[in-house]
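Numbering (the working numbering), first residue to last: 20 to 356.
For every residue, glycine included, the Cβ atom is placed at its ideal position computed from N, Cα and C.
Down below is the structure, laid out as structure tokens.
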Ligand code: NAD
Ligand code: TDX
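Below, the structure written as structure tokens:
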């Protein structure tokens, strides 16, 4: 099998490439990534030597001639992870989100259609459904889309485009919508790696609002296995929710991290809430379980222990990131809260 993976230097994409190359011998991957602030060549050092199976191309998914050239090699599937992925950055400036997350998807779809690529896999998110109240049932695939941030609106737009290309051009597409991922190689702007690395550095842990917003956590490698299943066996034109069935309020996650790192709760700093902050996400993953036999296999305790251990052992990876451009963003965002 030959895959084109886009955004494979980011958190989930790099975990996906590493786990796929480890699991399957008869697989080769082209990774197209722009290396934005979130892309890191170091994430894939373990496979860069594997020249027969892994090829890296630096480039933008909105660059039609480049994408067309790569897609003309007719990979069996295109798996699109490439995106601007951080809600807070989308609140500061939505421009890059609309360009990559919408125009980039249109470009990929047009090139796949032009060259007749096997299957297009769009990696989407639970955030397209909007927000749940405490007693609401979990999101199902038939829920209406009610995105609340520029980020989630851009992802919802992409999902609609993918649907439209299936209906209009009969393209073979599948969409996955996953809940919050955590694990190794996650950029330390997201809740769990930010809290772990700030705690290690004895810096304040900024908790938005009352800290009672709920997320449904999934270990990244469970997400990667689900994508593999959907890519191979999912029904064309179908959407698959993916979730960990593991809901926690943010403040509980933060306190758990501090406890595990033996750091005081006095590091917690309640800050102004994120505008448009979704209160709760929860995924009903019955469809992928019943149709494709996927269930998550990593419990939260096991996953968070592995994650904390990795950030302790890979301090040079995140210390490098938490400087330069990152500090400008950090000051701009948290300075306003
Ligand atoms: P990330 O921000 O860590 O990585 C994104 C990658 O895309 C980076 O390597 C970046 O360089 C690349 N990229 C950005 N713009 C590009 C462009 N124009 N052309 C080519 N490459 C580009 O993101 P992530 O957390 O790994 O998320 C991957 C995908 O999964 C995204 O589509 C996101 O919406 C979705 N998702 C993420 C989560 C989560 O919890 N992180 C949950 C559900 C869905
Ligand atoms: O400093 C913080 N303090 C805080 O309280 C940060 C960064 C976050 N939070 C809260 C906001 C959310 O309620 O923690 C929760 C998780 O925040 P993020 O890590 O920014 O994730 P979220 O906004 O839920 O979005 C994530 O999951 C869905 C990913 O970033 C998206 O790419 C994915 O689509």
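First and last residue of the uninterrupted beta strand (DSSP E) at residue i
{"i": "residue 138", "result": "138-144"}
{"i": "residue 235", "result": "233-238"}
{"i": "residue 346", "result": "Segment 344-355 is the alpha helix (DSSP H) holding residue 346; no beta strand (DSSP E) there."}
{"i": "residue 101", "result": "Note, residue 101: premise wrong, no beta strand (DSSP E); not H, not E."}
{"i": "residue 224", "result": "224-227"}
{"i": "residue 199", "result": "199-201"}
Expected contact under 8 Å - CB spacing of residue i and residue j to nearest Å
{"i": "residue 242", "j": "residue 31", "result": "6 Å"}
{"i": "residue 141", "j": "residue 181", "result": "5 Å"}
{"i": "residue 81", "j": "residue 122", "result": "5 Å"}
{"i": "residue 217", "j": "residue 174", "result": "About 27 Å separates the two Cβ atoms, so there is no contact after all."}
{"i": "residue 246", "j": "residue 317", "result": "No, residue 246 and residue 317 are not in contact; Cβ-Cβ is about 15 Å, not under 8 Å."}
{"i": "residue 269", "j": "residue 230", "result": "5 Å"}
Exposure label - residue i; buried when at least 16 CB within 10 Å
{"i": "residue 252", "result": "exposed"}
{"i": "residue 187", "result": "exposed"}
{"i": "residue 100", "result": "buried"}
{"i": "residue 139", "result": "buried"}
{"i": "residue 306", "result": "buried"}
{"i": "residue 234", "result": "buried"}
{"i": "residue 92", "result": "exposed"}
{"i": "residue 288", "result": "exposed"}
{"i": "residue 208", "result": "buried"}
{"i": "residue 152", "result": "exposed"}
{"i": "residue 285", "result": "exposed"}
{"i": "residue 351", "result": "exposed"}
Boundaries of the alpha helix (DSSP H) in which residue i is found, first to last residue
{"i": "residue 117", "result": "114-117"}
{"i": "residue 164", "result": "Run containing residue 164: none; DSSP gives neither H nor E here."}
{"i": "residue 215", "result": "210-219"}
{"i": "residue 110", "result": "106-111"}
{"i": "residue 9", "result": "Because the chain here runs from 20 to 356, residue 9 falls outside it and cannot be looked at."}
{"i": "residue 334", "result": "334-340"}
Within-8 Å CB hit, residue i to chain D
{"i": "residue 148", "result": "Given the protein chain composition of this structure (a single chain), no chain D is represented."}
heavy atom of ligand 4 below 7 Å from residue i C-beta
{"i": "residue 242", "result": "Only ligand 1 and ligand 2 can be found as ligands here, which leaves ligand 4 out of the picture."}
Minimum length 4: unbroken alpha helix (DSSP H) runs contained in the stretch 287-330
For the stretch 287-330, whole alpha helix (DSSP H) runs of length 4 or above, ordered along the chain, are 305-311.
Which runs of the alpha helix (DSSP H), 4 residues or longer, sit entirely within the stretch 238-288?
Here the runs fully enclosed are 239-252, 269-279.
Could you pull out every unbroken alpha helix (DSSP H) segment of at least 4 residues lying fully inside the stretch 25-70, listed in chain order?
Segments of the alpha helix (DSSP H) lying fully in the stretch 25-70: 30-42, 64-67.
Does the stretch 275-291 come within contact of the stretch 212-228, defined as at least 3 CB pairs closer than 8 Å?
Short answer: they touch.
Ignoring anything shorter than 3 residues or poking outside the stretch 67-93, list the beta strand (DSSP E) runs there in chain order.
The qualifying runs are 73-77.
Does the pairing of the stretch 324-336 with the stretch 243-263 give three or more beta-carbon distances under 8 Å?
Short answer: they don't touch.
Touch check for the stretch 333-348 and the stretch 202-211: three-plus C-beta pairs under 8 Å?
Contact holds: three or more Cβ-Cβ distances are below 8 Å.
Cβ contact check for the stretch 66-82 and the stretch 31-49: 3 or more pairs under 8 Å
Between the stretch 66-82 and the stretch 31-49, the count of C-beta pairs closer than 8 Å reaches three or more; the two stretches touch.
Stretch pair the stretch 152-164 + the stretch 209-217: three plus CB contacts closer than 8 Å
The answer is no - the stretch 209-217 does not touch the stretch 152-164, with fewer than three Cβ pairs under 8 Å.
Segment contact flag, the stretch 82-90 with the stretch 56-69, C-beta cutoff 8 Å, min 3 pairs:
Output reads no: the stretch 56-69 does not touch the stretch 82-90.
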